[in-house]
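Heads up, the thing below is written out as structure tokens.
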Ligand SMILES: Nc1ncnc2c1ncn2[C@@H]1O[C@H](COP(=O)(O)OP(=O)(O)O)[C@@H](O)[C@H]1O
Ligand SMILES: [Mg+2]
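Numbering (UniProt numbering), first residue to last: 1 to 287.
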């Protein structure tokens, strides 16, 4: 989800658990440094070279996924390091900071945007051979359309607020919404977020269609996929708007809060903007 949320907690100390340890203090404890930037997970902290995040029933499946990605050579995801003594999930700390909101210019040049498209392709190819553990539980908040069980385990939030970069090291974080999905459903969301396809005059770009093309080319979409992606862009954004609207109506957090903060209105306007220009996206993607 979009950035701008600070957990606002002071750093505090607690006994270390033997993982990481670069920030071990003289007293032999590891400092917990709150990590701001996410909009959904509360209590994300850095401890040494690790990140601790709230775990849930989906965590074993997510860690199996991350372990698979590393086993087959996909390194642009955090390493899964189990649970800590408080039952939190432990992940390798990805060096750097998220591209959104302060460093979005990093993915401005087409060559850098293309790297995003290639990374997504590499992830999708790497995950294609993944067999989820028996009884795997996932937390997919927006089920993919048309796909039933899903053709791949998708990330579902491939966006600048979940891309951490540090020089040449680029990592996608925030995998706990991963689950059954499709290549195009994942990519449609990434195109919306990375171009970006935005109705906001401050973010709207005259080269939006060309940037969508850069992502499609870098990913290596075939002709049939391009025809399907163009109309899917508005439906993918609309699905997010619908999630926030339903959360608002039913009082389901954190969607109700995000709606109140204005995200629902933003996603509504973006969805209309994208839908009105479907032909423009189609032309750019296919010509
Ligand atoms: N593995 C990681 N490496 C480095 N920083 C991370 C990692 N996981 C999370 N963070 C930091 O914590 C913030 C919130 O984490 P994230 O997993 O994106 O939660 P949310 O579900 O709230 O979006 C991120 O914006 C990032 O700054
Ligand atoms: Mg996030």
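All C-beta atoms in this analysis are idealised placements derived from N, C-alpha and C, irrespective of residue type, glycine included.
Quantities reported herein were computed from a predicted structural model and do not represent experimental measurements.
- Distances from the CB of residue 174 to the heavy atoms of ligand 1 include at least one below 7 Å.
- Nearest to residue 216 by alpha-carbon distance, out of 98, 254 and 116, is 116.
- Under the 10 Å beta carbon count, residue 179 is surrounded by 16 or more other beta carbons and is classified as buried.
- Listed as beta-bridge partners of residue 270 by DSSP are no residues whatsoever.
- Checking the 7 Å criterion, the Cβ of residue 287 is out of range of every heavy atom belonging to ligand 2.
- Annotation for residue 104: 160 place their beta carbon closer than 8 Å to its own, counting only its chain and skipping 5 residues before and after.
- Between residue 68 and residue 130, the C-beta spacing is below 8 Å.
- In this structure, residue 38 has its beta carbon less than 7 Å from a heavy atom of ligand 2.
- Just so you know, the alpha carbons of residue 203 and residue 43 end up roughly 30 Å apart.
- Residue 66 is positioned such that its CB atom lies no closer than 8 Å to that of residue 76.
- In this structure, the C-beta of residue 161 approaches ligand 2 to less than 7 Å from one of its heavy atoms.
- Taking residue 171 as reference, the option from 70, 287, 55 and 285 with the minimal CA-CA separation is 70.
- By the criterion of a C-beta distance shorter than 7 Å, residue 74 is surrounded in its chain by 122, 123 and 126, once the five residues flanking it on both sides are discounted.
- Closer than 7 Å to some heavy atom of ligand 1: that describes the Cβ of residue 94.
- A Cβ-Cβ distance of about 4 Å is found for the pair residue 190 and residue 158, placing them in contact under the 8 Å criterion.
- For residue 89, no alpha helix (DSSP H) segment is defined; the enclosing uninterrupted segment is the beta strand (DSSP E) at 89 to 92.
- As summarised for the region 123 to 167, the continuous beta strand (DSSP E) elements at least 3 residues long and confined to that stretch are 152 to 154 and 163 to 166, given in chain order.
- Going by beta carbons, residue 137 and residue 57 fall inside the 8 Å limit.
- With contacts defined as CB atoms closer than 8 Å, residue 30 and residue 51 fail to qualify as a contacting pair.
- Using a Cβ-Cβ distance cut-off of 8 Å, the region 244 to 264 and the region 222 to 236 are not in contact, since fewer than three pairs of beta carbons, one from each stretch, lie closer than that value.
- In this structure, 266 is the residue among 266, 72, 252 and 225 with its C-alpha nearest to the C-alpha of residue 201.
- By the CB criterion at 8 Å, residue 164 and residue 98 fall inside the cutoff.
- The C-beta distance from residue 61 to residue 144 rounds to 17 Å, too long to fall under 8 Å, and the pair is not in contact.
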